[in-house]
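What follows is a set of notes on a single structure, which appears directly below.
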Amino acid sequence: MTGIAADEVEEAPAGGQPGHLLAVGLCSGQHVELLQREAELGEPAGGVGHRLVRPAAGGGGGDDVGDSRAGCGGGGEQRVLVLVAGLELVPADQRQWARHFSPLAYGPMADRPVRVRMAPSPTGPIHVGSARTALFNVLFARRHGGQFILRIDDTDLERSTAADEEYIYDGLGWLGLLWDEGPFRQSERLDLYRQHAVRLIEAGHAYRCYCTPDELAAEREAAQREKRPFRYSRRCLRDAPSERPSFVVRFKVPGGAAIEFEDLIRGHMSFASDLIGDPVIIKSDGFPTYNFASPIDDALLEISHVIRGEEHLSNTPTQLMIVDALGYERPQATAHIPLILAPDRTKLSKRRHPALITQFRDWGYLPEAMVNYLALLGWNPGTEQEIFTIAELEAQFDLARVQQSGAIFDRQKLDWINATQIRALPPAELAARLAPFLPGLDSARLERAVPALQERIKTLADGRELLAYLWQEPEVPALSAEEKERLAAATDALRAAEWAPEPIEAILEELRESRGWSRSELINPIRKAVAGGNSPPIHHTLSLLPRAEATGRMERAL
RNA sequence: GGCCCCGUCGUCUAGUGGACCAGGACGCAGCCCUCUCAAGGCUGAGAUCGCGGGUUCGAAUCCCGCCGGGGCUACCA
Numbered sequence: 137m138t139g140i141a142a143d144e145v146e147e148a149p150a151g152g153q154p155g156h157l158l159a160v161g162l163c164s165g166q167h168v169e170l171l172q173r174e175a176e177l178g179e180p181a182g183g184v185g186h187r188l189v190r191p192a193a194g195g196g197g198g199d200d201v202g203d204s205r206a207g208c209g210g211g212g213e214q215r216v217l218v219l220v221a222g223l224e225l226v227p228a229d230q231r232q233w234a235r236h237f238s239p240l241a242y243g244p245m246a247d248r249p250v251r252v253r254m255a256p257s258p259t260g261p262i263h264v265g266s267a268r269t270a271l272f273n274v275l276f277a278r279r280h281g282g283q284f285i286l287r288i289d290d291t292d293l294e295r296s297t298a299a300d301e302e303y304i305y306d307g308l309g310w311l312g313l314l315w316d317e318g319p320f321r322q323s324e325r326l327d328l329y330r331q332h333a334v335r336l337i338e339a340g341h342a343y344r345c346y347c348t349p350d351e352l353a354a355e356r357e358a359a360q361r362e363k364r365p366f367r368y369s370r371r372c373l374r375d376a377p378s379e380r381p382s383f384v385v386r387f388k389v390p391g392g393a394a395i396e397f398e399d400l401i402r403g404h405m406s407f408a409s410d411l412i413g414d415p416v417i418i419k420s421d422g423f424p425t426y427n428f429a430s431p432i433d434d435a436l437l438e439i440s441h442v443i444r445g446e447e448h449l450s451n452t453p454t455q456l457m458i459v460d461a462l463g464y465e466r467p468q469a470t471a472h473i474p475l476i477l478a479p480d481r482t483k484l485s486k487r488r489h490p491a492l493i494t495q496f497r498d499w500g501y502l503p504e505a506m507v508n509y510l511a512l513l514g515w516n517p518g519t520e521q522e523i524f525t526i527a528e529l530e531a532q533f534d535l536a537r538v539q540q541s542g543a544i545f546d547r548q549k550l551d552w553i554n555a556t557q558i559r560a561l562p563p564a565e566l567a568a569r570l571a572p573f574l575p576g577l578d579s580a581r582l583e584r585a586v587p588a589l590q591e592r593i594k595t596l597a598d599g600r601e602l603l604a605y606l607w608q609e610p611e612v613p614a615l616s617a618e619e620k621e622r623l624a625a626a627t628d629a630l631r632a633a634e635w636a637p638e639p640i641e642a643i644l645e646e647l648r649e650s651r652g653w654s655r656s657e658l659i660n661p662i663r664k665a666v667a668g669g670n671s672p673p674i675h676h677t678l679s680l681l682p683r684a685e686a687t688g689r690m691e692r693a694l
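Under this note's numbering, the first residue of the first sequence is numbered 137, with each subsequent residue one higher.
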């Protein structure tokens, strides 16, 4: 077989644009001249085979796709996507990619379907900032009938971990922020970025840089000494010491350009290219940098709106220049959402504020409350509504109403929203949510505990505290003679009671009236004897305890 | 240092030239309700709208300068 099996090929319209899909097919082994150049970039660090194809003559069909078997990673068929122009072959183990490489998807900008993405890097526990970014993306997508894509930006070999990636899935799953496509992992598409780098080099938009870290540090220090902004000297553009074994690829920033774009939150942005030094796009280990991989993937995934944290605002011009140089279409717009701040107004950091998103689950927060709070952190509907269901958020969310300044994460407000949402839950539902936090209660007792808890817990975990008396006998209280008299009367009256809240309440009420005691006179000593300190209303407090245990505690205090 | 973003009660925010001696919410204080704790109701304290100049009859809202905070300036994202 030569390259592409006919029955696997989808023909693209003739004269496809650079970067457009030409065909989807099966590659069983081929290689072309690009392979040599690629070899110069060093051994690929990833495990995915990279197969290269010669440009199709005249931008035509699949027949022209390369037919050499020389370098296809030692046999084995591989599903690939073939692109015109730079002639990249994309390992298409994720079949989903094929759908979006349809030439038909390239429409006029205004008609672009809404496609947004969240692209976290698994380099630490995912925190509330990432979760909110995901939320805003999801809400925007839902509001506009678009797609939400999850991409794992794991191009930092040193810091990315599988555990952190799991936290991302776990956290997003818990919040119900499910993605329509993905997850795509950048580490699995290293050759894709490498091909793009080759293409840029060939076009004169990028070059190899052999400077050592020491040399770069020296340049930086010199710049600092002379009090001028540091930008890479471009020494390797003029005179590269190409005998050195290690190099990076740098993007050659065009001079004198103004990079302009529309940000849905900040408005019109303009940056002078002259202030930007040539950024590294391929590291010496063969991995792309964030500023290179991200815009490529955004373009290939046809992301229409890039919604991300404000820390990326300054990166945007660099990424846009790369997109332009590659001949890809820019995202329709960006939206740089403000940072979430710690109480001291510094940026929330993974180190100092280890707010793992799933930690909130363990603390007893409802995912819908978390979503509600996160949505309000930096966004408001313009009305005075504060409590939202996810459906309401999806209907009302608007990037234009997102704040421009950073917001401090306020646990107390979260608590209030959580408590409010807990109170709004159907009792049976609350029982189910409470179950993991009260393993000591069987489902029947749990259901009976709900009325006692529902309006007095801020988090599900609070239930444990409020019901602590169930498992922990209080100290025997020192009661006055009057208190003992009332307690004794209550104990007697309850001996024959049906052991449920309403009968207990009725009996105590009857006793209280017949003796002329106030409620507190009768109930306080009972509570002291049975629960010690605070507890739910006394009839609930009592009925949640086995009768023998309850009356036992009362007798003990007499 | 350079470039960029931001700046209304403690916190989240409403506010886009007059209806704002700045509204809501959380939190806080008090009162009511009440068997403790909550929930609920009512009341209250809390912002010279970062500062200084302008423009205007009139500015939180427009302009300029400054200050403060943050981000980027990495072979981290």
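Here a beta-carbon is modelled for each residue, glycine too, at the ideal position from N, C-alpha and C.
Close Cβ partners of A560 (< 8 Å) along its chain, the five nearest in sequence each way excluded: Walking along the first sequence from the start, residue 560 turns up at place 424. Hits under 8 Å: I523.
Buried versus exposed, by CB contacts within 10 Å (16 or more), P381: For the purposes of this step, residue 381 is identified with residue 245 of the first sequence, where counting begins at 1. Burial call: exposed.
Beta-carbon spacing of I443, I473 below 8 Å: The residue labelled residue 443 in the question sits at position 307 within the first sequence. The residue labelled residue 473 in the question sits at position 337 within the first sequence. In this structure, I473 lies closer than 8 Å to I443 by Cβ.
Contacts around P377, its chain only, beta-carbon distance under 8 Å, and the 5 residues preceding and following it disregarded: As a first step, residue 377 must be located in the first sequence, where it is residue number 241. Y346.
Segment contact flag, the segment 500-516 with the segment 609-627, C-beta cutoff 8 Å, min 3 pairs: no
DSSP state of E634 mapped onto helix, strand, coil: Against the first sequence, residue 634 aligns to sequence position 498. Of the three classes helix, strand and coil, the one that applies to E634 here is coil, per DSSP.
Contact belief for T470 with F397 at Cβ below 8 Å, rounded distance in angstroms: Here residue 470 refers to the residue found at position 334 when the first sequence is read from its first residue. Here residue 397 refers to the residue found at position 261 when the first sequence is read from its first residue. So it is a contact: roughly 6 Å between Cβ atoms.
Proximity test, H676 beta-carbon vs the ligand NAD heavy atom, cut-off 7 Å: This structure does not include the ligand NAD; it has no bound ligands of any sort.
Which of helix, strand or coil DSSP assigns to L550: Translated into positions along the first sequence, residue 550 becomes position 414. In this structure, L550 counts as helix in the three-state DSSP scheme.
The beta strand (DSSP E) enclosing R251, as first and last residue numbers: For the purposes of this step, residue 251 is identified with residue 115 of the first sequence, where counting begins at 1. Where R251 is concerned, the enclosing beta strand (DSSP E) stretches over 251-254.
Inter-residue spacing [alpha-carbon to alpha-carbon] between A131 and Q532: As displayed, the chain neither begins before 137 nor continues past 694, which places residue 131 out of reach and without an answer.
Residue of F573, A632, A614 minimising C-alpha distance to I662: In the first sequence, the residue the question calls residue 662 occupies position 526. I662 has its Cα closest to that of A614, out of F573, A632, A614.
From P639, N670, A629, residue whose alpha carbon lies closest to that of S650: Working through the first sequence from its first residue, we reach residue 650 at position 514. S650 has its Cα closest to that of A629, out of P639, N670, A629.
Where H448 falls: helix, strand or coil (DSSP): The count along the first sequence starts at 1 and reaches residue 448 at position 312. Three-state DSSP puts H448 in a helix.
Where L400 falls, given that 16 or more other Cβ within 10 Å makes a residue buried: For this step, residue 400 is matched to residue 264 along the first sequence. Classification of L400: buried, given that the 10 Å Cβ count is 16 or more.
DSSP state of H341 mapped onto helix, strand, coil: Within the first sequence, the letter at position 205 stands for residue 341. Note: H341 maps to coil in three-state DSSP.
For V442, three-class secondary structure by DSSP: The residue given as residue 442 occupies position 306 in the first sequence. In this structure, V442 counts as strand in the three-state DSSP scheme.
Check whether Y426 and T291 have beta carbons under 8 Å apart: Counted from its first residue, the first sequence places residue 426 at position 290. Counted from its first residue, the first sequence places residue 291 at position 155. A contact, by the Cβ cut-off of 8 Å.
Cβ-based burial, A299 [other Cβ within 10 Å; buried from 16]: Against the first sequence, residue 299 aligns to sequence position 163. With fewer than 16 Cβ atoms within 10 Å of its Cβ, A299 is classed as exposed.
T470 (DSSP reduced to helix, strand or coil): Here residue 470 is taken as the residue at index 334 of the first sequence, counted from 1. T470: strand per DSSP, three-state reduction.
Backbone secondary structure at L678 - three-state DSSP: Here residue 678 refers to the residue found at position 542 of the first sequence. Residue state, collapsed to three classes: helix.
Among R466, S679, P431, G403, the one whose alpha carbon lies nearest that of A580: Numbered from its first residue, the first sequence carries residue 580 at position 444. Minimum Cα distance to A580 is reached at S679.
Beta-carbon proximity list for M506, same chain, < 7 Å, skipping 5 on both sides: Numbered from its first residue, the first sequence carries residue 506 at position 370. Excluding residues within five positions, the ones whose Cβ falls inside 7 Å are L311, F496.
Start-to-end residues for the alpha helix (DSSP H) that takes in R537: If you number the first sequence from 1, residue 537 lands on position 401. Element bounds for R537: n/a, residue is neither H nor E.
Opposing strand residues paired with A102 [DSSP bridges]: Shown here, the chain extends from 137 to 694; a query on residue 102 therefore has no answer.
Residue range of the unbroken beta strand (DSSP E) whose run includes F272: Position 136 of the first sequence, counting from 1, holds the residue named residue 272. Where F272 is concerned, there is no enclosing beta strand (DSSP E), although the alpha helix (DSSP H) it sits in stretches over 264-279.
Reference K419; option with closest CA among A358, R402, A333, A478: Residue 419 sits at position 283 when you count from the first residue of the first sequence. If we check each option's Cα against that of K419, A333 comes out closest.
Inter-residue Cα distance where the pair is A564 and L574: As a first step, residue 564 is located in the first sequence; it is residue number 428 there, counting from the start. As a first step, residue 574 is located in the first sequence; it is residue number 438 there, counting from the start. The straight-line gap from Cα to Cα measures roughly 15 Å.
Boundaries of the beta strand (DSSP E) in which F320 is found, first to last residue: For this step, residue 320 is matched to residue 184 along the first sequence. From DSSP, the beta strand (DSSP E) with F320 extends over 317-321.
Own chain residues within Cβ distance below 8 Å of S409, not counting five before or after: Working through the first sequence from its first residue, we reach residue 409 at position 273. Cβ within range, chain order: V389, P390, G391, G392, A393, A394, I395, P453, M457.
Reduced DSSP category for R80 - H, G, I as helix; E, B as strand; rest coil: As shown, the chain starts at 137 and ends at 694. That puts residue 80 outside it, with no answer to give.
Where E398 falls: helix, strand or coil (DSSP): By one-based count along the first sequence, residue 398 stands at place 262. Strand at E398.
Reduced DSSP category for F573 - H, G, I as helix; E, B as strand; rest coil: In the first sequence, counting from the first residue as 1, residue 573 sits at position 437. Three-state DSSP puts F573 in a helix.
S404, buried or exposed, once every other Cβ within 10 Å from all chains shown has been counted against 16: Within the first sequence, numbered from 1, the residue matching residue 404 stands at position 268. With the sequence shown as reference, residue 404 is identified as His, and Ser is not the correct amino acid for it. Flag for H404 reads exposed.
D292 in three-state terms, based on DSSP: Numbered from its first residue, the first sequence carries residue 292 at position 156. Correct three-state label for D292: coil.
Helix, strand or coil at L462 according to DSSP, with G and I counted as helix: Mapped onto the first sequence, residue 462 falls at position 326. Three-state DSSP puts L462 in a helix.
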